[in-house]
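Report on the following structure.
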Amino acid sequence: MSKNSKWPEAVGPLLGRKMRRRDFLRWTAGAGGMGLLAAFLGGCAPVATPTTAPTTGVPTATTVPLPTPTKGLAFAPELAVASPRDADRIDPHRTTVGPSMWMCTLIHDSLLVADEEGNYYPNLAESWEVSEDGTAWTFHLREGVKFHDGTDFNAEAVVKTFARFLDPETQAPIGWLPGEPDEYTAVDEMTFRISWEAPWAPFAGFLVWYPGFGGIMSPTAIEKYGLDYGQHPVGTGPFMFEEWEPGDHITLVRNPNYNLPPGPLYTEAGPPKTEKIVYRILPEDMVRVEALTKGDIHVMVHDISPKDVVTLMADPNVEVDSFPQAACLYFAFNVEKPPTDELAVRKALAHTFNRETLIDAIYYGFAQPAYGYIPPGFKGAGYSSDYLRDTLALVYDATKAGQILDEAGWKLGAGGIRERDGQSLELIFWNQNISPWKDIGEALQAQALEVGVKLNLETFDSPTFWGTLKEGRMNCWSGLGHITTQALLAYHFHSENIPATNRYRYSNPRVDALLSEARQSAEASDWDRLYREAETIIYGEDVAAIPLLYPELAEAWRKEVVNCKFHHRANEYPLFKEIYLPA
Amino acid sequence: MRRYLTKRAISFVPTVVGVVFLIFILIHLAPGGPVSALLGPMATEEQIAQAEHMLGLDRPLHVQFLSYVWKVLHGDLGNSIRTGRPVFQTFVERIGVSAQLVLASMLVSVALAFPIGIVTGIKNRSLLDKATMVTVLFAVSIPNFWLALMLVLLFAVAIPVFPLFGVPLISEDFVGAIRGTVLPAISLGIYYAAMLARSIRASIIEVLNEPYIRMARGFGLSNGKVYLKYAMKNVMIPTITMLGLQVRYMFGALAVIESVFAVPGVGRLMLDAILTRDYPLIQGTLLMLALIFVAVNLVVDVAYGYMDPRIKW
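Given below as structure tokens:
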């Protein structure tokens, strides 16, 4: 290779010319021009140093002694947690990102908490009442609680938190969760009341299933930092924010004044045992797994791939907890664009996909088959996914799928693709270009081909995917719907949300009426009836979507870590007050 | 020299304006916007419209562009949409460790390429040359993420001589920084070392056939003097050009290496910014990198003058 061939004129022979001062030493000095570059680039390094601890909101933290060890155990001062992703803003109102919510739940407390069965318990509120018509909730708040910055917790703080949440300036992505209250006030120093014109069913769910979102924030910090609160979060929770080096780590320290009594989630009162939690961002899967195996980190959270779950389960020093998350992986239709505007095509595909194969091949068994969007075990969902499976009978049956298409006039043509009136049965299938979507897309494509339906797969990165689905240029797509409250079904299937979140462009007045009624009904038994009926119509009669599976979430930690617990009902919500690592 | 630098400084302005314009157009052409990344899949039309209004994304494109340029001219790169933190501060926090990696990789590249390139150039067509060139070809063909993972498995897991993750800044923890930088620097540097070695070898072969070298030999100068004093000087011109290019390529390849070794540098910053369509962060980071590249070019051009007395500033 002659890289220098374009230089012949410039570097022509110096024959007969004395080399003068530019001798060997000089050109080594010239090569040292790179050294200049070194100095230039390296010079940036010290600048970065002071900013590694941009925000320190907890001056008292480092002087706090460790709690007295029980049963003769001493605690290791630091617990290292690894995640592939960084937080964006540790702000309950301004994030939808998993790591941020994770931090929010450790730093903030919510008014109520729920156990794994979905029963509500007091937390920052000692007791509460709901008015008979279900339109007003009154909370009697716990006395003697202080925020990490020393501010007193009282009704005023709750009012300020709600005011910020509902302020359009805040741009809360989940701003709809508290509904549109008529009034939220401090009745007295320790009593908070919130009311709506009609009952707002998602409210209780909001308080407990999104403990991060429902966290009460220090009014002093809200005032001081405004929209920048996410860089300086201050709550009443078991851990206090200490430092955040973006892309590298976030450090939390124990709140020595934490004094909430034991409830359904914790057995002991008092502050956390672990002095410090270092949340380390390790983007590479293999490195995270090896770091846990070697003991460089103690707990591994977020996005553990099913393949790594298998590896970690085989490790005798590692404990793995895998549980169904509150989310449904679905195959969805644009019911307006031909040929998926035809019920027969959609119905045939509902018999085409083999859930068991997907679960085994892509999830290594760590998923459960889904026949409805609402995951198992929801309070109010008195019916289960199995009920929908048995009632709708839209299970895997390739022969039946073929029959339906035959009856609709789609006959098998050359190359195994069905045809009708010279038009072949091809669907534009959109998908995301990251794991596990790539694999899922290809598996679905292969399964559809078996019944003679060709899915033309087009893949996009996530922002493009979610940003352009509403344009409706696809016939079908697959996605993961987080269903942390049943009210989210309205976002998917209520016609008022076409095309922003109802990308199916699905409109059925009966379903609209059922979803609206459920949202405004205070009784759990009503939700059961209403959502069951709505779901039956959506997947059974109209087949706007095909629920496929509930993927499991996994967390892994080293066996020596004690009390490592997660709230299974509320996605990956860490219950870390009592966690510790024996020294 | 001063006149030259002034001229370069002036020509630098249209370069930057061009870069700002190009980046602006390109990221706005990409489908999906920061709002859909920010608000998540379940945002309603009103929420999206409101967020776009608050971020000023509902204004005509030329207004957005002019207002951005105006701010940049006043030294304000804006705030990241995703985190709300100032772009300039974010960049400064992240560039140090990336620069450290690039520099170390350059050292790996230079330290390997010069001896290999020179020896194989001089011993052209020998068995040593052929064997080395096959190895070099292998090194050029290895994807750097694969090499990075293999090095981690070998030297951080199987034989744990180096840490599994984390590269502290050299100003904070000297020994830790050296230990942490070795594997990423090799992963990133090997490819460029191989490219550079091939280039040096080719230049040496070419230069050694020049009449002035024959003449130098004719004067009875020693081999060492002929190679180091006369041949290397002409070899250095294309080599320095290539080194300058390598700095740029390395910054481009950083995202992968920084992900494997969990380094919070500009490579990952760029990647995250692009994936979340964080317009101000993409624009600001690319602009700052462009400034660095312009500076590197300047260093390269100045270095030419030292190599070749006929190049005048």
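Chains as they are written, first to last, in the working numbering: chain A, 6 to 588; chain B, 1188 to 1500.
Using N, Cα and C, we set each Cβ at its ideal position, and we do this for glycine too.
{"Check": "Starting from asparagine 461 of chain A, trace the beta strand (DSSP E) in both directions and tell me its first and last residue.", "Outcome": "459-465"}
{"Check": "Any residues in the stretch 1250-1272 of chain B with a beta carbon nearer than 7 Å to a beta carbon of chain A? Which ones, in chain order?", "Outcome": "Arg1269, Thr1270, Gly1271 and Arg1272"}
{"Check": "On a CA-only basis, which of A:Ala505, A:Ser521 and A:Phe498 is nearest serine 512 of chain A? Give me that one, please.", "Outcome": "A:Phe498"}
{"Check": "Ignore the nearest five residues each way along the sequence and tell me which others in leucine 553 of chain A's own chain have a CB closer than 7 Å to its CB.", "Outcome": "Leu334, Tyr335, Phe336, Phe358, Arg360, Leu363 and Ala375"}
{"Check": "Check whether the stretch 81-89 of chain A touches the stretch 114-121 of chain A, counting contact only when three or more Cβ pairs, one atom from each stretch, lie closer than 8 Å.", "Outcome": "no"}
{"Check": "Leucine 432 of chain A and arginine 423 of chain A look like a contact to me (Cβ under 8 Å); what is the Cβ gap, rounded to whole Å?", "Outcome": "Going by Cβ atoms, the distance from leucine 432 of chain A to arginine 423 of chain A rounds to 11 Å, so no, they are not a contact pair."}
{"Check": "Please report the distance separating the alpha-carbon of valine 1453 of chain B from that of aspartate 313 of chain A.", "Outcome": "28 Å"}
{"Check": "How about arginine 515 of chain A and isoleucine 551 of chain A: do their beta carbons lie closer than 8 Å?", "Outcome": "no"}
{"Check": "Would you identify the three-state DSSP class for asparagine 1311 of chain B, choosing helix, strand or coil?", "Outcome": "coil"}
{"Check": "Between proline 587 of chain A and glutamate 565 of chain A, which are expected to be in contact by the criterion C-beta below 8 Å, what is the C-beta distance as a whole number of angstroms?", "Outcome": "6 Å"}
{"Check": "With DSSP run on the structure shown, which of helix, strand or coil describes arginine 1404 of chain B?", "Outcome": "helix"}
{"Check": "Around the C-beta of methionine 1188 of chain B, are 16 or more other C-beta atoms found within 10 angstroms, so that it is buried, or is it exposed?", "Outcome": "exposed"}
{"Check": "Would a C-beta distance cut-off of 8 Å place leucine 1324 of chain B and alanine 1343 of chain B closer than the cut-off?", "Outcome": "no"}
{"Check": "So, is the C-beta of aspartate 466 of chain A closer than 8 Å to a C-beta in chain B?", "Outcome": "yes"}
{"Check": "Only counting the same chain, and skipping five residues up and downstream in sequence, which positions put a Cβ closer than 7 Å to that of isoleucine 1400 of chain B?", "Outcome": "Val1394, Val1413, Tyr1417 and Ala1418"}
{"Check": "Starting from lysine 1416 of chain B, trace the alpha helix (DSSP H) both ways and give me its first and last residue.", "Outcome": "Where lysine 1416 of chain B is concerned, there is no enclosing alpha helix (DSSP H), given that its DSSP letter is neither H nor E."}
{"Check": "Is the stretch 118-136 of chain A close to the stretch 1296-1305 of chain B, with three or more CB pairs under 8 Å?", "Outcome": "no"}
{"Check": "Any idea if aspartate 1495 of chain B is buried or exposed, counting beta-carbon neighbours within 10 angstroms, 16 or more meaning buried?", "Outcome": "buried"}
{"Check": "Can you tell me which residues form a DSSP beta bridge with asparagine 1266 of chain B?", "Outcome": "B:Pro1273"}
{"Check": "Check whether the Cβ of proline 1273 of chain B sits closer than 7 Å to any heavy atom of the ligand NAP, and report yes or no.", "Outcome": "The ligand NAP is not part of the structure shown, which contains no ligands of any sort."}
{"Check": "Arginine 1464 of chain B versus chain A: which residues are under 7 Å apart at the beta carbon?", "Outcome": "Pro468"}
{"Check": "Please classify proline 51 of chain A: does DSSP put it in a helix, a strand, or coil?", "Outcome": "Because proline 51 of chain A carries a pLDDT of 34, less than 50, the predicted location of this residue cannot be relied on, and the following value inherits that uncertainty. Reduced to three states, the DSSP call for proline 51 of chain A is helix."}
{"Check": "Would you report the Cα separation of valine 52 of chain A and arginine 1281 of chain B, rounded to the nearest angstrom?", "Outcome": "Annotation note: pLDDT 33 at valine 52 of chain A (below 50); position unreliable, coordinate value reported separately. About 10 Å."}
{"Check": "Could you please give the first and the last residue of the uninterrupted alpha helix (DSSP H) stretch that includes serine 1198 of chain B?", "Outcome": "1189-1216"}
{"Check": "Under the DSSP definition of a beta bridge, which residues are partnered with alanine 613 of chain A?", "Outcome": "Nothing in the structure corresponds to residue 613 of chain A, since chain A is present only between 6 and 588."}
{"Check": "Using a C-beta to C-beta distance shorter than 7 Å, which residues of chain B count as neighbours of asparagine 339 of chain A?", "Outcome": "Chain B residues near asparagine 339 of chain A: none, gap ~16 Å exceeds 7 Å."}
{"Check": "Assign serine 1296 of chain B to one of three DSSP states: helix, strand, or coil.", "Outcome": "helix"}
{"Check": "By alpha-carbon positions, which one of B:Arg1269, B:Gly1227 and B:Pro1218 ends up nearest to leucine 1242 of chain B?", "Outcome": "B:Arg1269"}
{"Check": "Measure the C-alpha to C-alpha separation of leucine 535 of chain A and serine 521 of chain A and round it to an integer number of angstroms.", "Outcome": "9 Å"}
{"Check": "Arginine 425 of chain A: which of A:Asp444, A:Trp442, A:Asp395 and A:Gly457 sits nearest, CA to CA?", "Outcome": "A:Gly457"}
{"Check": "What do you get for glutamate 560 of chain A, buried or exposed, if any count of 16 or more other CB atoms within 10 angstroms of its CB means buried?", "Outcome": "buried"}
{"Check": "Can you give the Cα-Cα distance for alanine 575 of chain A and proline 329 of chain A, rounded to whole angstroms?", "Outcome": "10 Å"}
{"Check": "Examine chain B for any beta-carbon lying closer than 8 Å to the beta-carbon of threonine 54 of chain A, and answer yes or no.", "Outcome": "For threonine 54 of chain A, the pLDDT reaches just 32, beneath the cut-off of 50, and the residue's location in the model is therefore unreliable, leaving the point undetermined."}
{"Check": "On a Cα-Cα basis, can you pick out the residue from A:Leu265, A:Gln408 and A:Asn568 that is closest to alanine 349 of chain A?", "Outcome": "A:Gln408"}
{"Check": "Where does tyrosine 1379 of chain B sit, in a helix, a strand or coil, going by DSSP?", "Outcome": "helix"}
{"Check": "Helix or strand or just coil, what does DSSP make of aspartate 1360 of chain B?", "Outcome": "coil"}
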